[in-house]
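Visitor:
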Amino acid sequence: MERSYDDTKNLIVGIFNVMFVTYKLLDTGSRMPYLDKHVKYHSVHYIDSDYKICFFIALSYKIRSEIDTKVNNNSVITFAKQLFAYDYRVKGKYQLFEYLYNDKAKKNQSLNKYLQDYQGFNISTEMTKFIDTFNLVVNIYTYHEELEGKTGQYRLFNSYGQLNNESMTLDLLLISDGTEQHVLYVSNVEKLTGVLICPYCHDYVTILSNTNKRANEYFNIHVEKYKSSAHEPSILLHDVPMPICPAVLNHPTVQYLMAYGIMDQFKAQRGFITYDFATLSDQVMKNITDQTTLLSQLSKLSIASTEVFPNQDKSYEVVKRCYSLFDELSENYQELIENYGLPSNSSFVHLWLAQTFESAEQIYQCMKYDNENIPFDRCVKILGWNSSRFDIALLCDALDCELWTMGVPIGDLNNTKSITVTHKKSHMKLQFIDAENLFGPMTLKACVKDYGDKSEHKDVFPYEIINSKNWNEVLVKTKPFEYEDFKSQLKGGYSMTKDEYDQYLIDFNRFTNRLEYLKYYNINDTEIMVKPLINLIDTFEQFNIDVLHYISIASCAYATKHYSKYFPSKFNLESDKQTYYSDFDINADYSNPNSKAKPFVLTVEYWKNKCYLYKQQDYKAGRETEKNVTADDNDYYKKLFETSVCSICSAKFTYYNPPSLDRQDNELPHTKENCLPACVSCNTAHANRDPKIASLHIKMRQYAIKHNLSMTISDERIYKLLQECITGGLAAVFHRENIAVIDLGFVITDYKSVAVFEKNTAYESFVRTMMNLRIQAILAGSTKEKFYKLIINASYGYDTLNTEKFGKIKMLDKADTFNAQHHPSHIGTRRISANTFAVQIKPKIATCFTSIQSGVFTLDNAKYCYLNYIYNFMYKCLDRKRFHFVLADTDSIYIAIAGDPAKDCHQQFESIVTDKQFYDQHVYQYLPDPNKDIYDYKKILGFGIENEGYELTSLGPK
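Here my numbering is used: the first residue of the sequence shown is 590, the next is one more, and so on.
1. Out of curiosity, what's the CA-to-CA distance linking Ser1171 and Leu914?
2. Span of the alpha helix (DSSP H) holding Trp941?
3. Return the residue from the list Pro1069, Thr863, Leu1094, Val1049 that minimises the CA-CA distance to Ser1077.
4. Can Cys643 and Val772 be called in contact, C-beta distance under 8 Å?
5. Assign Lys889 to one of three DSSP states: helix, strand, or coil.
6. Quick one, are the C-beta atoms of Ala1293 and Pro832 less than 8 Å apart?
7. Pick from Tyr1152, Asp1114, Ile1117, Leu1541: whose alpha carbon is nearest that of Glu1130?
8. Could you check if Lys1216 is buried or exposed, using at least 16 other CB atoms within 10 Å of its CB as the buried criterion?
9. Skipping 5 residues on each side, what residues in its chain have a beta carbon closer than 7 Å to that of Cys1466?
10. Residues in its own chain within less than 8 Å of Thr1192 by CB, not counting five upstream and five downstream?
11. Provide the residue(s) that pair with Glu906 in DSSP beta bridges, ordered along the chain.
12. So for Asn1361, helix, strand or coil by DSSP?
13. Between which two residues does the alpha helix (DSSP H) holding Tyr1244 run?
14. I'd like the list of long-range same chain contacts for Ile1421, defined as Cβ closer than 8 Å, with 5 residues on each side in sequence excluded.
15. With a threshold of 6 Å on Cβ separation, who are the neighbours of Val843 within its own chain once the five nearest residues in sequence on each side are excluded?
16. Any chance you could list the beta strand (DSSP E) runs of at least 3 consecutive residues sitting entirely within the segment 1261-1328, in chain order?
17. Please report the straight-line C-alpha distance between Val775 and Leu700, rounded to a whole angstrom.
18. Compare the Cα-Cα distances from Gly1244 to each of Val1269, Lys1058, Asn1113 and report the closest residue.
19. Excluding the 5 residues preceding and the 5 following Lys1187 in the sequence, name in chain order all residues of the same chain whose CB lies nearer than 7 Å to its CB.
20. Mark Cys1238 as exposed unless 16 or more other C-beta atoms lie within 10 angstroms of its C-beta, in which case mark it buried.
21. Can you have a look at His733 and say buried or exposed, based on whether 16 or more other CB atoms are within 10 angstroms of its CB?
22. Can you tell me whether DSSP reads Asp1339 as helix, strand or coil?
23. For Gly1386, collect the residues of the same chain with a Cβ closer than 7 Å to its Cβ; drop the 5 residues on either side in sequence, then sort them by chain order.
24. Between Ala857 and Ile1126, is the Cβ-Cβ spacing less than 8 Å?
25. Drop a sphere of 10 angstroms on the beta-carbon of Gly1444, count the other beta-carbons inside from all chains shown, and report buried for 16 or more, exposed for fewer.
26. Where does Ile1117 fall in DSSP's three states?
27. Between Thr1542 and Ala1451, what straight-line distance do the alpha-carbon atoms span, to the nearest angstrom?
28. Counting Cβ pairs closer than 8 Å, one from the segment 1434-1448 and one from the segment 1294-1305, do we hit at least three?
29. Given this structure, state the Cα-to-Cα distance separating Thr1372 from Asp1039, to the nearest angstrom.
30. Quick one, which of Tyr1110, Phe1355, Asp1449, Ala1491 has its alpha-carbon nearest Ile1529's?
31. Note down the Cα distance separating Phe1230 from Lys1159, rounded to an integer number of angstroms.
32. What do you get for Gln951, buried or exposed, if any count of 16 or more other CB atoms within 10 angstroms of its CB means buried?
33. Roughly how many whole angstroms lie between the Cα atoms of Ala982 and Pro1157?
34. Tell me which residues share the same chain as Gln705 and place their Cβ nearer than 8 Å to its Cβ, disregarding the 5 neighbours each side in the sequence.
35. Assign Gly1531 to one of three DSSP states: helix, strand, or coil.
36. Please say whether Thr863 and Thr1115 have beta carbons closer to each other than 8 Å?
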């Protein structure tokens, strides 16, 4: 079981199903019947022997086949005995390779006698010594009789050893009948398995075929391409810089509304469902290791949900539901599951899911647009609190069912950010996401207090006294729980105070028994999530941002920030009127030809690479490629690109605006007759889209170029240069050091790379608006102040995001999971159902379609701001011996001051000022002026004092 540490203060709670299976590998070497049936196409070799030395016969065959043109069976057996004697240090007349004597032999027993007594090779205990002795990498394949005659009947079982420049690879076929086993030498793995695997990237796979020659041809092209590469995970970037506006370009509904000029019809998704599990706790108290004790295991007791049905006037209605183990005991339970078409062994969670699909259909009908042409995804969000680490683990076994299918999870196996489940008949989708990711790390209780209705509160339930043996007996009782029942072993105390318990006794009078209180408690946890979510939706809707389209506050704030670049007036308050460029207009002309740009000249290498990509694209789409453009057409297209313009936007081709071929009929391949020249960016935008939507993409790119807005990086050199500048965020700890004898120098003697970026202030409207809205919320005493602070803080981290560190998850059956677990890139596996597993692997290709440069310069500007404050203010007017600049993060600094011991901790710098005139003149450029209002306290690039005290602990840097 994998485990991640998010906070060392939290106790480890494990939710898992475990099955331990032990396989005993038999000694290998016995004679077995029908071994010759595996000798096929000269790829598997079997030589009979009186001794159980098949491992050494296979190695001997491998070595002799590389030396001799024709392998003689007798010479193979003789050499195998030499290898055997050398490996087991048996004394005798045998020599190894006819020049290396077995001078390290330790056993006095004669070789023949030793061979007769030898019981076979033990893979479990002897393989390590075997591969070290002969410097081998051993790949063992197994035979699956149930797949006789099909691709996959021979599969890789395991690999042993590490490949190096001098090692030799030995491929073996292991045959076992349960009581005996034997290995055979495999000279051609591809013929054995019927599968071609790239020997360089180990990821490109195709089925060996005598009829599909194209597949074999593309495999050979791929191998040649990767033969000279470094085999490092590659980064996938856009071919040319593209605009960044996920709120529009990555949202099909908003994209359509914008393209057709009907953004006045925009409405955010306001219908959703919240859910929560109640669990049983079985005390285990089992020591897993010397430092880890498993306290308890959890199982499902009940699941509750609150369904939010939106009205046209932005009001909403709710429906509350709760299903539990008691439902499975009811007389009409079988009738209920039959009504939904569920299998007879379905749990109450399956029943809840079936009902949730029906409710989601009704919510969808409430939310969709009256105009059927406006795209609106048949998907309803299902939100749980901290569900990515808790509820999803309990829900997984019910997500794979004959009535619905589970999609690929987003995130990783320990922290599933999103899972989409699709009903096979209605095609309705439920997307399970973690509501906590929309608010930031906090408890549900804190979220309700900060963002919700202050009249609502989270109740307490004594989970730990209920287990899988007593739940039926305990919950049917009519008297309330005792105060001692609320004593928590996990929390190390009582989960409620005496006053809260007295309130619980009053509340309990409304219920007939403890089960009814459980249902109320479980439902209440889902109901109190609704108001904070509605408030969050309202906050973002004023900026035309649809919160429930995103799965985290970071991605939502990022979308808001980039939306402000294209629509600055939306973020231009009357109280802080600024002059910005005009908003994006779909009907305007933003073409801005660069007269200084160098005309594009087609090179042989560029065109050859394009032809290869076109052929790959057509092949994957199932289109014929015989008449495709080829490298021989270079001269024709070189002249065409020099004399023609883009068939979509009429722009000339330059090195900043390179050409490509746009297919006119998307059913046909890339042929001369079917293609017209087009800008790479226009071709990307055009694709198979609606012409108006394609025009939107093209014009937004032109708008971004005209106003110098941040765009994606298309140059891998620039990407790597920027990536080196990112260290996980700005965090520095400053420790005192004697620098008297250190020559600082600061002379640049060399540089590795230079890149020039143009300055822009496109985010100014976003920052000013959010700060002003936050100040107004503070003055009004509104909880929305926390929303605006959250939006600003979360909007910049997403800029530096790429997928290099993210694992790729695949949903596989048992057989494919078995193979994947032996792949070098395997990370982890989670069981979903009896024959479905989520397998996480390291990706071969990472993507980066964010404005990574914006993130880099945000960090860089923060450093500059601190250095300017330290050197141009603090060092000029304060006593350096009496303060220490301790710690800096991206948006905060910590300073220790040796002030006047007669004054309290709120004296700031008063007692260490050395230049009073300079201090008085500049101090309020940075610090808040006590004689001014909150607008000065929260001024941009100013330092607001959040905390003052007598102690400051500095940890190590990140």
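For glycine and all other residues, C-beta sits at the position ideal for the given N, C-alpha and C.
Guide: On the basis of the supplied data:
1. 60 Å
2. Looking at the DSSP string, the run of the alpha helix (DSSP H) that includes Trp941 is 937-956.
3. Val1049
4. Contact check for Cys643 against Val772 passes: the beta carbons are separated by less than 8 Å.
5. strand
6. yes
7. Tyr1152
8. exposed
9. Val1502, Thr1503, Asp1504, Phe1507, Tyr1508
10. none
11. BP columns for Glu906 point to Phe898.
12. helix
13. Neither: Tyr1244 is in no alpha helix (DSSP H) and is coded neither H nor E.
14. Cys985, Asp986, Leu988, Asp989, Met995, Met1400, Ala1427
15. Val837
16. 1264-1268, 1320-1322
17. Answer to the nearest angstrom: the Cα atoms are 27 Å apart.
18. Note on identity: in this sequence residue 1244 is Tyr, with Gly being the wrong assignment. It is Val1269.
19. Thr1243, Tyr1244
20. buried
21. Under a 10 Å Cβ-count criterion, His733 is classified as exposed, with fewer than 16 other Cβ atoms of the shown protein chains found around its own Cβ.
22. coil
23. Ala1143
24. A distance below 8 Å separates the beta carbons of Ala857 and Ile1126.
25. Counting the other Cβ atoms within 10 Å of the Cβ of Gly1444 gives 16 or more, which makes it buried.
26. coil
27. 22 Å
28. Taking 8 Å as the limit for Cβ pairs, the verdict is that the segment 1294-1305 does touch the segment 1434-1448.
29. Roughly 6 Å between the two C-alpha positions.
30. Phe1355
31. 41 Å
32. exposed
33. 43 Å
34. Tyr640
35. coil
36. yes
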